[in-house]
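Notes follow once the structure below has been shown.
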Ligand code: SF4
Ligand code: SF4
C-alpha cells in the first residue's frame, strides 16, 4: 500500500513538489497569522484596513470570470463549438474561487466566527452579497466539474442525474456570477470619500462586470496557449479566434462607458491633473483596453496562438491593475499614511497561488480535464505523465 | 425597503476653541471602556503649529464617532454588528463582528479603529457610553473634560447651543457647524475657530454614501430575478430555434427519422 503510494508519487512531474513545498511554507505562515493576529503579521492600519489580500481576491475573481462567461456562451447561448474549453476553465475558476475563500479566511480578524456571515446577514451590505454569491457559486462550479471527477469512478451512475440538472444549475451560476462580479464593484460605491474620483463611480458594479468578462475570456485564451506549450494539448485555434472576436466589443463598451461616466461626472480634467493617479489610470486603460482593442481587431492576431496570448496577457494585466487601483493604489491616503504589504502577507499569497497550481496539476494529471481538447504534439519530456490520463480517455 | 431616520435623541457639541490638548477624554474613555491607549475610541485632531513667530497658534480638538443619522458603517457591515438605536446611538456588537473591516473603509469620517495588536481583534468605536446614559450619567469624555470642550445633552439643545455660540461670539468661530449637514446630519456637532479642513476633518457631502449604497444593493435581487428569467428565456428560445432548423433540414432531405434518434439528438 505504502509502496504503491510512493511509486505513485515518484511518477508525478517534479515541479509539483516545488509548488507543494511553497504551499506548505505559505500555509504555515497563514496559520501563524491566525494565531498571532493581524498586527504583527501585516502592515494593515487604520488608514489602510484592507491590503494586498483584498486586491488579490478582486483580481482573482475577475480572472475567474472566464468560467461564467463560457458557461453562458456554451450552455445558454448554444455556442456549442466552444464546449471543449469548458472543463479547464471551470477547473481554473473553481480553484480561483477556492483560493479567494482561503485568503478571505486569513483576512478576517475574527476568522473564528466566519459563519456569522450566514447567521447574521445584513442585506444592504455589498460584502454580504459578495460572500453569499461566492460561496454559492463555488458549489455550483464544483457541480459543473463533478462529471470530470466521477467519469472514471464507481459513482459513474450519478452522471445522468447530474447532467439532467446541468442547465438550470448553470443558469443559476451565471446569475450568481453576474451578481457578485458586479457586487464587488458595489462594495466601493459607499467609499466615495476615500476612493479617487478617477475610479469612484456609482456604476462601478457595471465596470467590474464588463471588465471581468474580458479578463475571463483572456484567461481562457492564455490558458489554452500555455497548456499547448506545457502539455501539448490545447483548444482548436478556431475556438480561440472566436473567443478573441468578442474582446474588442467588450473592451470598447467598457471604454465608452468609462469616459462617458467621467464626462457626466465632470471629472475629465482629472485625467491629466492627478499626478500618479493619472499615470495609473492611463496605464490601466492603454495596456488593458486601447492596445488590445486594436490588437484583437486583426484577424491575423485572432488566428495566431502566440499573438492572441500576448493580447490576452495585456488585458489580464490591465484588469488586474484596475482591481489593485480600486482597492489599494487609488485610495486616498489618510494623514499621509500609505500602505505596502508585510512580507508575511506576500508569503501567504504566494503559498496559496502555489497551492492552486499544485492542485490544478494534480487534477489534470488524474482526471480527464483536457478530454475534449486536441492533442497537438507528443508530450514534452518534462511532464510525461500528464499526457497519459487524458489520452487514454479518447 | 424604506428607511426613516429619526433625529438623534442625544448629541455632543465639541468646541475646538476650548480644547487644550490635555487628553483627559482619551484616558477616561480608555478606562471606562477598557480599551488600550494604543487603539482608543477618541483621539485628538490638530492643525499643527501655524503662523509666524511670535504669532504662533495651534488648535486641537477631540474626535470620535459622529453617530450619523444615516450611518455608512451600519449600511456596510456584513453581519449587522453595527446598528443605530432608536436614540440615534450607533452601537457595535462585539459578539457578532467577523472582523472584515469594511466599516473602517465605509465610514466617511475614518472613525472605526481596530485592535491590531490583539490575537482575536475587535472594532473600536464610540458607543456614546450608552450604559452610563442608562444610569443617568454623561459619557465619560464629556464628564471629565476639564475645560468643557465636550458638551453632551439633548440633540436639539446642542444644536441650538451651537448656533447661539456662533451668533453671540462674532468673529470667534467660523460660521459652520460641522455635523449639522455633513453626511446627512450627525449627532456629534463641532464648532471651531479655524476652518475644519485645517483641523484635518474630512470634507463630507450632505448625503450619506449609505444612500447610494442602498440604491445599488437593494436593486440587486431584482436584477438577479430578471436575469434568471432572461437567461432561461434565451436558452429556451435558442434551443427551440435550433431544433426547428434541424427539423426543417431533415424534412428537406426527405429522409425518414427514427424516433429514438431524434431524442438523442435533442439533448
Ligand atoms: S461616524 Fe462613521 S462609525 Fe460613526 S456612525 Fe458615522 S459612519 Fe458609523
Ligand atoms: S469589521 Fe465587524 S463591525 Fe466592521 S463591517 Fe466587518 S463585521 Fe461589521
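Protein chains in written order, with the numbering used here: chain A, 735 to 1128; chain B, 81 to 347. From the three backbone atoms N, C-alpha and C, an ideal C-beta is built for every residue, glycine too. Quick caveat: nothing in here was measured; it's all calculated off a predicted structure.
The continuous alpha helix (DSSP H) containing residue 300(B) extends over residues 300-333. Set against 7 Å, the gap from the CB of residue 189(B) to the closest heavy atom of ligand 1 is smaller. In summary, no residue of the stretch 96-119 of chain B has a CB separated from any CB of chain A by less than 8 Å. Taking 8 Å as the cut-off, the beta carbon of residue 1039(A) is found no closer than this to the beta carbon of residue 1104(A). In the pairwise beta carbon analysis, the stretch 158-177 of chain B is classified as touching the stretch 197-204 of chain B: at least three pairs are separated by under 8 Å. Residue range 140-143 is occupied by the beta strand (DSSP E) that includes residue 140(B).
Residue burial annotation: residue 794(A) is buried, with at least 16 other C-beta atoms found within 10 angstroms of its C-beta. Chain order gives the chain B residues near residue 860(A) as 156, 293, 296 and 297, where near means a beta carbon separation below 8 Å.
For residue 149(B), there is no enclosing alpha helix (DSSP H), as DSSP marks it with neither H nor E.
Residue 747(A) and residue 760(A) have their C-alpha atoms some 21 Å from each other. With a cutoff of 7 Å, residue 292(B) does not count as near ligand 1, since its C-beta is closer than that to no heavy atom of the ligand. With 16 or more other Cβ atoms from the protein chains shown falling within 10 Å of its own Cβ, residue 91(B) counts as buried. At a threshold of 7 Å, residue 109(B) does not count as near ligand 1, since its beta carbon sits no closer than that to any of the ligand's heavy atoms. Residue side-chain check: residue 177(B) places its Cβ nearer than 7 Å to a non-hydrogen atom of ligand 2. For residue 165(B), no chain A residue has a Cβ inside 9 Å of its Cβ, as the nearest lies near 16 Å away.
Looking at the DSSP output, residue 163(B) sits in a beta bridge with 171(B). For residue 886(A), no alpha helix (DSSP H) segment is defined, and its DSSP state is neither H nor E.
Within the stretch 1007-1070 of chain A, no run of beta strand (DSSP E) at least 3 residues long lies entirely inside it.
Burial is judged here by how many other beta carbons sit within 10 angstroms of a residue's own beta carbon; residue 249(B) has fewer than 16 and is exposed.
For residue 762(A), the closest alpha carbon among the candidates 1081(A), 861(A), 967(A) and 847(A) is that of 1081(A). Annotation for residue 268(B): the continuous beta strand (DSSP E) segment containing it runs 268-271. With contacts defined as CB atoms closer than 8 Å, residue 977(A) and residue 944(A) fail to qualify as a contacting pair.
By the Cβ test, the stretch 310-322 of chain B is in contact with the stretch 804-811 of chain A, since at least three Cβ pairs between them sit closer than 8 Å. In the structure shown, the three-state DSSP call for residue 135(B) is coil.
Restricting attention to 243(B), 116(B), 292(B) and 281(B), the CA atom closest to the CA of residue 150(B) is found in 292(B). If one requires a minimum length of 3 residues, the beta strand (DSSP E) runs lying completely within the stretch 170-201 of chain B are 170-172, in chain order. When CB distances to chain B are screened at a threshold of 9 Å, the residues of the stretch 765-779 of chain A falling below it are 768, 769, 770, 771, 772, 773, 774, 776, 778 and 779, in chain order. Beta-bridge partners assigned by DSSP to residue 123(B): 143(B). In the structure shown, residue 115(B) falls within a coil segment according to DSSP collapsed to helix, strand and coil. One thing to note: residue 108(B) has its Cβ within 8 Å of the Cβ of residue 220(B).
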